[in-house]
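Chemist:
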Amino acid sequence: MNNFVYKYLGWINDDFSYRDVFIRTKIRLLRNVADFPFPEELDEKKRKRFLNSIDWCLKNDSFLKNFNYINFEKVPHNIAISLVEKGIIDNEIKNNEGKSLLIDKKGATSILINEEEHFQFQKLVAGFDYEDSLFELFNLEDIFSQYFKFAYEPKLGYITSSIENWGHGIKITSIIQLTGLSQSGELSSLSSYLKKNKINLVKLYEEYDYTIGSLFKITIESGISSSGTLETKVKRIINKIVEKEREARNYLMEEDKIFLEDLVSKSVGMIKYSKLLSFIGALELLSNIRLGKYLGIVSIPVKLIDVLFILVHPVHLQMRYGGSLKSPHIEILRANLLREVFKSYKIV
């Protein structure tokens, strides 16, 4: 199990745009097979026929041999949960019958099979990327279109299980850090702008109405629109988010630099000397330090911070060290991990 801790994290080493604000982005291309009902509606006979078609495809296509195959019916439960913690799949697989994942060695490119859609082609990147990621997913789609006919209506586009994704069948989800806007009180303005564009700014984690680490999630769904319209919308929204957050950070550095330096310095100190750390406590401290890296307050590499965002999750700690997930054992392990990593890093 220890070997799985760092598996499929290679995508973090690739630098894409806007990494100071966008921690990670997952681009998804959703496709369903015309001859079959949606996965949740498949009876046993049709499910077997669909899965047999998948098996034949995997055995006969040379390119797909570059991917690892994970059958959710056969893998241990904590492996499946760790894929959620890594951001590769969004939610725990409740009913794992007939569900699987094809994934490259870096964890960057994957295909979730027979979950909400028959095929969910995915690209996971550090920062934000749209055009290159989508181009790669279209190439994957082309491979599978040799074996399957995808559900498509001329006036509606590609048919998905959720009507919001009809058309292109494209879904973009990003985890973003908005510490500048949160601290400056300007977050509501950005939230209103996003709502006008039918995008919700969702707190990634919260406690007593407080957003942990100023971490948020946004999801852009394609709907029925032209490819040019979608691309223009995505670029406009992403640029607006980055522009507003950078402006807020610069304002805070000009008006209250000592506050930010104190925030980052205390966060480093707490990690270096803590004996117990909760999950949300660790995220809060890491988020502060990540901000400090981009403001020139601390010199720790952002790639390391982004890996730690994943390694402090409960199942990753258990796979790395063994033992119980119960308190206080897991809090001790989390504090030990971060203390060991940060012992060689200092405030600039």
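Count along the sequence shown from 1, then add 8; that gives the number in the numbering used here. Note that the Cβ used here is the ideal one computed from N, Cα and C, for glycine as well.
Here's the rule: buried if 16 or more other CB atoms are within 10 angstroms of the residue's CB, otherwise exposed. What is VAL41?
Modeler: Here the question's residue 41 lines up with position 33 in the sequence shown. VAL41 comes out buried.
Chemist: Determine whether the beta carbon atoms of TYR155 and CYS65 lie at a separation below 8 Å.
Modeler: Residue 155 sits at position 147 when you count from the first residue of the sequence shown. Residue 65 sits at position 57 when you count from the first residue of the sequence shown. Against a cut-off of 8 Å, the Cβ pair of CYS65 and TYR155 comes out as a contact.
Chemist: Taking the continuous beta strand (DSSP E) assigned at VAL133, which residues delimit it?
Modeler: One-based indexing of the sequence shown puts residue 133 at position 125. That run of the beta strand (DSSP E) goes 127-134.
Chemist: So what does DSSP say about ASN40, is it helix, strand or coil?
Modeler: Walking along the sequence shown from the start, residue 40 turns up at place 32. The answer is coil: DSSP assigns ASN40 none of H, G, I, E or B.
Chemist: In whole angstroms, what separates the C-alpha of ASP137 from that of ILE96?
Modeler: Position 129 of the sequence shown, counted from the first residue, corresponds to residue 137. Position 88 of the sequence shown, counted from the first residue, corresponds to residue 96. Cα-Cα distance, rounded: 16 Å.
Chemist: Nearest to PHE80 by CA position, among LEU299, LEU72 and ILE101, is which residue?
Modeler: Here residue 80 refers to the residue found at position 72 of the sequence shown. Closest by alpha carbon: ILE101.
Chemist: In terms of residues, what are the limits of the alpha helix (DSSP H) holding SER286?
Modeler: Along the sequence shown, read from residue 1 onward, the residue named residue 286 stands at position 278. No alpha helix (DSSP H) contains SER286, which DSSP labels as neither H nor E.
Chemist: Between TYR353, LYS248 and ASP314, which lies nearest to GLU93 when the distance is taken from Cα to Cα?
Modeler: Position 85 of the sequence shown holds residue 93. The shortest Cα separation from GLU93 among TYR353, LYS248 and ASP314 belongs to ASP314.
Chemist: Closest by CA to HIS126, which one among GLU139, ASP140, GLY106 and ILE111?
Modeler: By one-based count along the sequence shown, residue 126 stands at place 118. Looking at the Cα atoms, GLY106 is the closest of the given residues.
Chemist: Have a look at LEU209, SER352 and SER230 and flag the residue whose alpha-carbon is nearest the alpha-carbon of SER222.
Modeler: Residue mapping note: residue 222 aligns to position 214 of the sequence shown, counting from 1. It is LEU209.
Chemist: For the putative contact between LYS241 and LEU198, defined by C-beta atoms under 8 Å, what is the C-beta separation to the nearest angstrom?
Modeler: Sequence index remark: in the sequence shown, residue 241 carries index 233 (1-based). Sequence index remark: in the sequence shown, residue 198 carries index 190 (1-based). The Cβ separation is near 16 Å, so there is no contact.
Chemist: For SER273, tell me which candidate among LEU293, PHE287, ALA256 and SER286 has the shortest Cα-Cα distance.
Modeler: Here residue 273 is taken as the residue at index 265 of the sequence shown, counted from 1. Of the listed residues, the one whose Cα sits closest to SER273 is LEU293.
Chemist: Ends of the alpha helix (DSSP H) at GLU139?
Modeler: If you number the sequence shown from 1, residue 139 lands on position 131. Counting along the chain, the alpha helix (DSSP H) containing GLU139 begins and ends at 139-153.
Chemist: When DSSP labels each residue in this structure, what does GLU262 get in the three-state scheme?
Modeler: In the sequence shown, counting from the first residue as 1, residue 262 sits at position 254. Three-state result, GLU262: helix.
Chemist: Determine whether the beta carbon atoms of THR219 and SER200 lie at a separation below 8 Å.
Modeler: Locating residue 219 in the sequence shown gives position 211, counting from the first residue. Locating residue 200 in the sequence shown gives position 192, counting from the first residue. No; because the gap between Cβ atoms is not below 8 Å, this pair is not in contact.
Chemist: Three or more C-beta pairs closer than 8 Å, one from the segment 166-181 and one from the segment 112-127: is that the case here?
Modeler: Segments in contact, yes.
Chemist: Note down, in chain order, each residue of its chain lying with its Cβ closer than 6 Å to the Cβ of TYR353, except the 5 sequence neighbours on either side.
Modeler: The residue labelled residue 353 in the question sits at position 345 within the sequence shown. The answer, listed in chain order, is ILE308.
Chemist: First and last residue of the alpha helix (DSSP H) that includes SER61?
Modeler: In the sequence shown, residue 61 corresponds to position 53, counting from 1. It spans 52-68 - the alpha helix (DSSP H) in which SER61 sits, taken as one unbroken run.
Chemist: Are there three or more Cβ pairs, one per stretch, closer than 8 Å when the segment 319-329 is compared with the segment 54-68?
Modeler: Output reads no: the segment 54-68 does not touch the segment 319-329.
Chemist: Under the rule that 16 or more other beta-carbon atoms within 10 Å means buried, what is ASP28, buried or exposed?
Modeler: As a position in the sequence shown, residue 28 is number 20, starting the count at 1. It counts as buried.
Chemist: DSSP state of THR168, grouped into three classes?
Modeler: Working through the sequence shown from its first residue, we reach residue 168 at position 160. The answer is coil: DSSP assigns THR168 none of H, G, I, E or B.
Chemist: My output table needs one value for GLU161: the three-state DSSP class, helix, strand or coil.
Modeler: By one-based count along the sequence shown, residue 161 stands at place 153. Strand at GLU161.
Chemist: Report buried or exposed for ARG244, applying the criterion of at least 16 other Cβ atoms within 10 angstroms of its Cβ.
Modeler: By 1-based counting over the sequence shown, the position of residue 244 is 236. That one is exposed.
Chemist: Quick check on the burial criterion: 16 or more other C-beta atoms within 10 angstroms. Buried or exposed for PHE71?
Modeler: For the purposes of this step, residue 71 is taken as the residue at position 63 of the sequence shown. PHE71 should be labelled exposed.
Chemist: Please classify ASN296 as buried or exposed, where buried requires at least 16 neighbouring CB atoms within 10 angstroms.
Modeler: The residue given as residue 296 occupies position 288 in the sequence shown. The residue is buried, with at least 16 neighbouring Cβ atoms inside 10 Å.
Chemist: Is the beta carbon of TRP19 closer than 8 Å to that of ALA88?
Modeler: Working through the sequence shown from its first residue, we reach residue 88 at position 80. Working through the sequence shown from its first residue, we reach residue 19 at position 11. The answer is no: Cβ separation not under 8 Å.
Chemist: Near ARG347, which residues of its chain fall below 8 Å by C-beta distance, leaving aside the five closest residues on each side in sequence?
Modeler: Working through the sequence shown from its first residue, we reach residue 347 at position 339. Closer than 8 Å at Cβ, skipping near neighbours: ILE279, LYS280, TYR281 and SER282.
Chemist: Check whether the segment 300-307 touches the segment 259-277, counting contact only when three or more Cβ pairs, one atom from each stretch, lie closer than 8 Å.
Modeler: With a cut-off of 8 Å, the segment 259-277 and the segment 300-307 count as touching, because enough Cβ pairs lie within range.
Chemist: Taking its Cβ as the centre, do 16 or more other Cβ atoms sit within 10 Å of ILE171, making it buried, or is it exposed?
Modeler: As a working note, residue 171 is residue 163 in the sequence shown. Exposed, since its Cβ has fewer than 16 Cβ neighbours within 10 Å.
Chemist: Thinking C-alpha only, which one of ALA134, GLU214 and PHE317 is nearest ILE35?
Modeler: Translated into the one-based positions of the sequence shown, residue 35 becomes position 27. Among ALA134, GLU214 and PHE317, the Cα nearest to that of ILE35 is on ALA134.
Chemist: Mapping DSSP to helix, strand and coil, what is SER295?
Modeler: Along the sequence shown, one-based indexing puts residue 295 at 287. SER295: helix per DSSP, three-state reduction.
Chemist: When the distance is taken between beta carbons, is LYS225 closer than 8 Å to THR181?
Modeler: The residue labelled residue 181 in the question sits at position 173 within the sequence shown. The residue labelled residue 225 in the question sits at position 217 within the sequence shown. Taking 8 Å as the Cβ cut-off, THR181 and LYS225 qualify as a contacting pair.
Chemist: Where does the unbroken alpha helix (DSSP H) through PHE317 begin, and where does it stop?
Modeler: Residue 317 sits at position 309 when you count from the first residue of the sequence shown. That run of the alpha helix (DSSP H) goes 310-319.
Chemist: For LEU319, is the classification buried or exposed, using 16 other Cβ atoms within 10 angstroms of its Cβ as the cut-off for buried?
Modeler: Within the sequence shown, numbered from 1, the residue matching residue 319 stands at position 311. The residue in question, LEU319, is buried, as its Cβ has 16 or more Cβ neighbours within 10 Å.
Chemist: Could you tell me which residues DSSP pairs with ARG342 in its beta bridges?
Modeler: Here residue 342 refers to the residue found at position 334 of the sequence shown. ARG342 pairs with nothing; no bridge assigned.
Chemist: Would you kindly report the start and end of the unbroken beta strand (DSSP E) that includes LYS204?
Modeler: Numbered from 1 along the sequence shown, position 196 holds the residue referred to as residue 204. From DSSP, LYS204 is part of no beta strand (DSSP E) but of the alpha helix (DSSP H) over 195-204.
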